[in-house]
Amino acid sequence: MSPTYNPHPHISAFKQEFSALYGMNGLADLAMSGDVALAASAYDRAIELYSAAIDLDYATDTIFSNRCKAKLEKKSWDEALIDAQK
45 MSPTYNPHPH
55 ISAFKQEFSA
65 LYGMNGLADL
75 AMSGDVALAA
85 SAYDRAIELY
95 SAAIDLDYAT
105 DTIFSNRCKA
115 KLEKKSWDEA
125 LIDAQK
């Protein structure tokens, strides 16, 4: 059985506030910031940014793929596999 991710209870309120303030452009900025961090080998930061985008319902194949790559670079094999399967 794969692990189930349960976001913090206040995440839905944060999602609404974030979306109201930044809209889709803000979500795209999160993903692009993750790309910059990944390119700079700042893997922990890239994972944080991609995870934030996913938590805010901006999950795309590319975001999961890039987060997978960051996790592979950190040798977090099991976590990377989970992202690769999404």
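Throughout the sequence shown, residue numbering follows our numbering, covering 45 to 130 in sequence. Glycine included, C-beta positions come from ideal geometry on N, C-alpha and C.
- Judged by beta-carbon spacing, Leu82 lies beyond the 8 Å limit of Ala128, meaning their Cβ atoms are not closer than that value.
- When secondary structure is reduced to three states using DSSP, Leu74 falls in the helix class.
- Take Ala75, set aside five residues on each side of it, and the residues of its chain with a beta-carbon closer than 6 Å to its own are Ala97, Ile107, in chain order.
- Ranked by how close their Cα comes to the Cα of Asn110, the residues Ser95, Gly70, Leu71, Asp73 have Ser95 in first place.
- The beta carbon of Tyr102 sits closer than 6 Å to those of Leu71, all from its chain and outside the five residues before and after it, given in chain order.
- Residue state for Ala128 is assigned as helix, using DSSP reduced to three classes.
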